[in-house]
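To keep things clear, I will list the structure first and then write my remarks on it.
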Amino acid sequence: MKNIFNKLIFVFSISSLILSCHNDLDQSPIDPDSFTEEDVFSNADEARGALAKLYASLALTGQNGPTGSPDISDIDEGFSQFSRMLFNLNEITTDHAVVGWGDPGLPDLHGLYWSSSNDFTEAMYYRLAQEVSFSNSFIANAASLEEDIVKTYIAEARFLRAYAYYNLLDLYGNVPLTTEISTELPTQSNQTELFNFIETELLEIEPLLATSNEYGRVDNIAAHALLSRLYLNSEVWTGQNRYNECVMYSENVMNSSYSINMNDGNGNGTAYDELFLADNGSNGAQNEFIFALNFDGLQSQTWGGSTFLVHAAIGGSMNPTEFGVNGGWGGLRTTKNLVNKFTVDVNALNNSLGTQSDWGLVGNATQNGWDGPDTEMYQTATNQYAIYVDLNDGEMKFRFNEDWGENYGDNNSDGTLDPNGDNILISAGTYYIELDLDNSTYTINPYTADKRGMFYSDGQSLEIETIPPFENGYAVSKFKNVDVNGNSGSDSSGNHTDTDVPLIRLAEIYLNYAEATLRGGNGNLDLAATKINELRERGFGNSSGNINTSDLSLDFILDERSKELYWEGQRRTDLVRYDYFTSNSYLWPFKGNEPSGIGVDSYRNLFPLPSNVISVNPNLTQNEGY
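In this text, residue positions in the sequence shown follow this note's numbering: the first is -19, and each later residue adds one.
The following block contains the structure:
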């Protein structure tokens, strides 16, 4: 299915089959019509091809591949691809990413000091405006066809238009709302009007969308998923909380046929990385992707998409061949804020167990050696004790009150306690240890780190002294152009990637549900914890990282969103919702262009409308502060 639809996207991006020139949102795409409207909309099959262009507009940027005839004038086609711009505006502006390149306007993003003429904020506005324009054309012209299947195509176009407006609302706020082909300069809408339009569209098209669709195209569950995201952010955009609705539509998605990928195809102990490999359209990850951009290294080439996410994150001593490409661009890294979220804090884990007891660990495997003092365990129930602990290579025993008169070892290495028994052999690592005095048994289980944290640290410093050198900050190795067997993607040159980019996936909906419930929605916190544990079990490779319902808090959910969704284009939106994006309450390196980070003016929660759009349309007012 993927290859078939990719071929359509490829063909129709080159042919550029859209229909008429107009001024929706004052956008200015290059659109040299090579077919007439009569050709394109003569029947349902031709209309399906035109629909592919709407998807292609989010994936690709040019009429002749990645290096010629950009589809938006005056913007380098390598920069203007949608998911690349989404990364620039929603990840580079946050604690998730920095970029070392000096292209005009790019350093401004992480420093949060962009202007209304910033090339990258303009590029995203035009990309989204073009998607609206193309969708309006398709909807108007396809309406003349009588085949039933065309109703589904129109519903898909309306979804893509609603998705474009969702991003316009999130990024720019008060943009024009245009739903018809027009040569008139559009008037400005406010955030509430835009919210209501998106909501109404998604509710209306839900019964018209396919209940299941070929991979790469949206179905009715995609409408529910986008509603879940829309309602989660309603209070920010409209001042009205819609958490009950977020819970309801999240439940609809969770009860659908989509499922969390648990297929560890490469056998590395977690199925999380399969989501970001070259065969993620077929290795099991596709069952989790509700809406994704399809890429093929031969047929849908771009300098954006996963080509950007893979190449730009490679530099320093990293070996590009391990990532299935021919070289690195030495640009993208992350900050210590993200890295530290994956650090195992044994003290925090132990504080959740109970109170310290007189039972403890002693031995050269512990930090205090055989002379003690003992590393005290925590009482979890009557005669039950536990501890999370970092141990060295060596030996240990259990001891009461630092008294050698009451100590236990294990004579048979079978997990049974023996008074004054043999020392227990330990390899260095982090462990969860339980002591059961009722049954005279113990367990020592490795506490596995969260494998969702995929960083390259060799030769990299955690601290970022200055941004340009690639070696400042850990590199992120999340996206790769290799399949589960380690084979590189289809482009033998190593330039372009096969890895699809997820825009909405089921894991996000789990987290939406949990957050909306904590914020007052009528969900079930026990269910929320169960769903989050499903994600954590995938990340850890076992249940060692599981949480209890009592562990849930809004800040916990925000951190969990960071660990699950980093570099997937959602971080800025999340930080705005928590009032962390511009405020002093949450800082990261070079926020506000200061090494240690500072707060900035709250108007930067929105990006400016492009200055040249403002200059040609007297109906528009620039966002506050710009």
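Yeah, the Cβ is synthetic: ideal placement off N, Cα and C, and Gly gets one too.
For residue i, the nearest candidate out of the options (CA to CA)
| i | options | result |
| --- | --- | --- |
| Gln61 | Phe288, Asn232, Leu567 | Phe288 |
| Ala455 | Thr360, Ala109, Leu318 | Leu318 |
| Leu600 | Tyr560, Thr562, Leu165, Asn121 | Leu165 |
| Ser393 | Tyr422, His76, Asp373, Asp383 | Tyr422 |
| Phe275 | Pro575, Ser286, Gly45 | Ser286 |
| Ala122 | Glu111, Ala109, Glu136 | Glu136 |
| Ile413 | Pro399, Phe570, Asn452, Ala366 | Ala366 |
| Tyr411 | Val326, Phe380, Thr477 | Val326 |
| Gln110 | Pro588, Thr159, Thr73 | Thr159 |
| Leu417 | Asn260, Asn221, Arg516, Met357 | Met357 |
| Leu210 | Lys316, Asp75, Tyr229 | Tyr229 |
| Gln168 | Tyr606, Gly605, Pro598 | Pro598 |
| Leu395 | Phe177, Phe378, Gly385 | Note that residue 395 is Gly in the sequence shown, not Leu. The option with the nearest alpha carbon to Gly395 is Phe378. |
| Asn502 | Pro448, Asn425, Glu231 | Glu231 |
| Arg485 | Gly433, Leu567, Tyr252, Ser124 | Tyr252 |
| Val112 | Pro482, Phe435, Ile161 | Ile161 |
| Phe303 | Val464, Gly80, Gly572, Thr510 | Val464 |
| Ile447 | Leu371, Ser407, Glu574, Tyr490 | Glu574 |
| Leu397 | Gly409, Thr132, Ser420, Ser407 | Ser420 |
| Ser236 | Phe561, Ala487, Glu548, Ala509 | Ala487 |
| Arg516 | Ala496, Gly500, Ile537 | Ile537 |
| Ala509 | Thr529, Ala292, Phe67 | Thr529 |
| Val290 | Glu548, Phe561, Pro588 | Glu548 |
| Glu540 | Asn522, Asn513, Gly42 | Asn513 |
Limits of the alpha helix (DSSP H) - the one that residue i falls within
| i | result |
| --- | --- |
| Lys316 | 316 to 320 |
| Asp128 | 128 to 152 |
| Met104 | 99 to 122 |
| Val481 | Taken as a continuous stretch (DSSP letters only), Val481 belongs to no alpha helix (DSSP H), being part of the beta strand (DSSP E) at 481 to 485. |
| Thr191 | Run containing Thr191: none; DSSP gives neither H nor E here. |
| Asp539 | 534 to 545 |
| Tyr211 | 200 to 212 |
| Asp430 | Element bounds for Asp430: n/a, residue is neither H nor E. |
| Arg551 | 551 to 557 |
Local Cβ density within 10 Å of residue i, reported as buried at 16 or more and exposed below that
| i | result |
| --- | --- |
| Val596 | exposed |
| Pro590 | buried |
| Pro9 | Note that Pro9 scores a pLDDT of 39, beneath 50, so its modelled location is shaky; the value from the coordinates is reported in the next line. So Pro9 ends up on the buried side. |
| Ala361 | exposed |
| Glu555 | One detail in the question is off: residue 555 reads as Leu in this sequence, not Glu. So Leu555 ends up on the buried side. |
| Gln281 | buried |
| Gly439 | exposed |
| Asp480 | buried |
| Gln347 | exposed |
| Ile(-11) | The predicted position of Ile(-11) is uncertain, since its pLDDT is 40 and thus under 50; no value can be drawn from it. |
| Ala36 | buried |
| Ile578 | exposed |
| Asn461 | buried |
| Trp384 | exposed |
| Ser14 | Below a pLDDT of 50, predicted positions are generally treated as unreliable, and Ser14, at 36, falls in that range; no measurement from the model is reported. |
| Asp390 | buried |
Whole-number beta carbon distance between residue j and residue i, since they are thought to touch under 8 Å
| i | j | result |
| --- | --- | --- |
| Asn603 | Asn154 | 7 Å |
| Val130 | Ala24 | 5 Å |
| Asp471 | Leu278 | 6 Å |
| Ala205 | Leu189 | Incorrect: roughly 12 Å between the Cβ atoms, too far for contact. |
| Asn400 | Glu375 | With a Cβ gap of about 14 Å, Asn400 and Glu375 do not count as contacting. |
| Glu382 | Gly352 | 5 Å |
| Ile52 | Arg141 | That belief does not hold up - the Cβ atoms of Ile52 and Arg141 are roughly 17 Å apart, past 8 Å. |
| Asn213 | Thr553 | 7 Å |
| Lys511 | Asp430 | At roughly 17 Å, the Cβ-Cβ gap does not stay under 8 Å, so Lys511 and Asp430 are not in contact. |
| Tyr238 | Asn267 | 6 Å |
| Ala272 | Pro482 | 5 Å |
| Leu610 | Thr73 | With the chain running from -19 to 606 in the structure shown, residue 610 is simply not present. |
| Ser450 | Gly295 | Note that residue 450 is Phe in the sequence shown, not Ser. Rounded, the Cβ-Cβ distance is 4 Å, consistent with contact. |
| Glu443 | Lys316 | 7 Å |
Range covered by the beta strand (DSSP E) that runs through residue i
| i | result |
| --- | --- |
| Asn224 | No beta strand (DSSP E) contains Asn224, which is instead part of the alpha helix (DSSP H) from 223 to 234. |
| Gln336 | 335 to 342 |
| Gln364 | 364 to 371 |
| Ile404 | 404 to 406 |
| Glu356 | 355 to 361 |
| Leu182 | Run containing Leu182: none in the beta strand (DSSP E); it sits in the alpha helix (DSSP H), 171 to 185. |
| Asp627 | In the structure as shown, the chain starts at -19 and stops at 606, and residue 627 therefore has no counterpart that could be examined. |
| Arg64 | Not the beta strand (DSSP E): Arg64 falls in the alpha helix (DSSP H), residues 62 to 70. |
| Gly409 | 409 to 416 |
Residue i: CB within 7 Å of a non-hydrogen atom of the ligand GTP
| i | result |
| --- | --- |
| Ser97 | Absent from the structure shown: the ligand GTP. Ligands present: none. |
**Report entry** Whole runs of the beta strand (DSSP E) within the region 215 to 299, excluding any shorter than 3 residues
**Finding:** 269 to 273
Query raised in the report: Where in the region 477 to 522 do unbroken runs of the alpha helix (DSSP H), each at least 4 residues long, occur, reported from the N-terminal end onward?
Result: 486 to 498, 505 to 520
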